[in-house]
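Heads up: the structure comes next, in structure tokens.
Protein chains in written order, with my numbering: chain A, 1 to 190; chain B, 1001 to 1199.
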């Protein structure tokens, strides 16, 4: 049961965004910008950062949703990422992404754990300043979302199909809130 | 001393960010100058959570922001939001510092203590918040909106703190710097141009 009175037919992040539309507006826009805006990182690479940080934070809802999104995007499925996977060892990703995910994992622990050396290593592997900036901010963003979703004990469906449908929605429609708000039918296959 | 001189003075003593942000503005404002699009929405979020009308007083909300930043050991955010809280009606610097040291013995309401307990749990991880933590806050009169805003402010500062420290943003030592920031944000909210940004 969620800690506060949320619409009972909504789940996870959607239920809390629906509760307070004033804060939802900048949150949705920030997410759309970072994960779908123009970037030299692919959408799959950015979703992978979101998925990895959410797994490290043990947030089942966000990890499942962003893993599904990663795998639906071009190049994502080939990484071999699974929901709640915390080890990077088996992933098929390039050295640049490995070093960016290592920075993201440090951000997950604490911003203070990131060192100039971590950043230099990412640059040696071809990461630009902008990519490093966006990696840190995406990792930080999901340290917020994971806490928002679990800190209010939102409903987390156990069904893998649910996340597949949600993944389809966020990879096709993006992250902006629909004009008429969220509805239970958003989760249904269309 | 004007703010430009202050920045020059403080920057002599502090390192620059891990990436080249093309400016010498300390803390989150330097990152915001580097990335204005994300800055715009981050400021909108801060405005809604901390400065716009809400169920909790501004002082309580800034105190939660400063407290979570202290737990995350983010000196820039902790000191800035502490100074903002101190400049708001009902705020004073000693009270803010008492909350940093031990909020349970500080001269604040039992309701605010129960919300700071929730914020502390959120800082550790969302899953640390228990039914009992929520029940205790409700018993002290906290509404669903108070609890929602507390969790989201705490979570948002787990983001802001990581953004600032994860990119190694410069953190001034000079208290004058934070006094200027505190006074401006307490009076103007988050949507006005920073006094730190030079034309």
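Glycine included, every Cβ here is placed at the ideal spot set by N, Cα and C.
State the Cα-Cα distance for the pair residue i and residue j, rounded to the nearest angstrom.
i                      : j                      : result
residue 1024 (chain B) : residue 113 (chain A)  : 23 Å
residue 1122 (chain B) : residue 1017 (chain B) : 27 Å
residue 1013 (chain B) : residue 1172 (chain B) : Confidence at residue 1013 (chain B) is low in this model, with a pLDDT of 49, below 50, so its placement is unreliable and the value that follows should be read with caution. About 8 Å.
residue 1165 (chain B) : residue 66 (chain A)   : 25 Å
residue 93 (chain A)   : residue 81 (chain A)   : 10 Å
Does the beta-carbon of residue i have 16 or more other beta-carbons within 10 angstroms, so that it is buried, or is it exposed?
i                      : result
residue 1191 (chain B) : exposed
residue 1022 (chain B) : exposed
residue 1044 (chain B) : buried
residue 1182 (chain B) : buried
residue 1027 (chain B) : buried
residue 90 (chain A)   : exposed
residue 31 (chain A)   : buried
So, for residue i: in the same chain, excluding its five sequence neighbours on each side, which residues have a beta-carbon less than 7 Å away from its beta-carbon?
i                      : result
residue 9 (chain A)    : 184
residue 181 (chain A)  : 18
residue 75 (chain A)   : 42 and 44
residue 1142 (chain B) : 1111, 1114 and 1115
So the candidates are the options; which of them puts its Cα closest to the Cα of residue i?
i                      : options                           : result
residue 168 (chain A)  : A:2, A:46 and A:186               : A:186
residue 97 (chain A)   : A:165, A:161, A:42 and A:30       : A:42
residue 57 (chain A)   : B:1158, B:1174, B:1093 and B:1050 : B:1158
residue 20 (chain A)   : B:1124, B:1173, B:1150 and B:1136 : B:1150
residue 54 (chain A)   : A:130, A:47, A:63 and A:153       : A:63
residue 103 (chain A)  : B:1167, B:1112, B:1186 and B:1100 : B:1167
residue 34 (chain A)   : A:138, A:153 and A:165            : A:138
residue 1184 (chain B) : B:1109, B:1175 and B:1195         : B:1195
residue 119 (chain A)  : A:148, A:99 and A:110             : A:99
residue 143 (chain A)  : A:92, A:116, A:164 and A:52       : A:52
residue 175 (chain A)  : A:25, A:161 and A:147             : A:25
residue 1153 (chain B) : B:1040, B:1029, B:1034 and B:1051 : B:1051
Locate the alpha helix (DSSP H) running through residue i, then write down its first and last residues.
i                      : result
residue 1041 (chain B) : 1036-1046
residue 1026 (chain B) : Note, residue 1026 (chain B): premise wrong, no alpha helix (DSSP H); not H, not E.
residue 1149 (chain B) : 1144-1166
residue 135 (chain A)  : 129-151
residue 1203 (chain B) : Past the boundaries of the shown model lies residue 1203 (chain B); chain B is included only from 1001 to 1199, so the question cannot be answered.
residue 5 (chain A)    : Taken as a continuous stretch (DSSP letters only), residue 5 (chain A) belongs to no alpha helix (DSSP H), as it is neither H nor E.
residue 109 (chain A)  : 95-109
Among residues of its own chain, excluding the 5 on either side of residue i, which ones have a beta-carbon nearer than 8 Å to its beta-carbon?
i                      : result
residue 1059 (chain B) : 1085, 1088, 1089, 1090 and 1091
Grab me the residues of residue i's own chain with a C-beta within less than 6 Å of its C-beta, minus the 5 sequence neighbours each way, in chain order.
i                      : result
residue 1078 (chain B) : 1066, 1069 and 1070
residue 190 (chain A)  : Any reading at residue 190 (chain A) must be qualified, since the residue scores a pLDDT of 48, below 50, and its modelled position is unreliable; the value itself is stated next. Here the set comprises nothing.
residue 85 (chain A)   : 55
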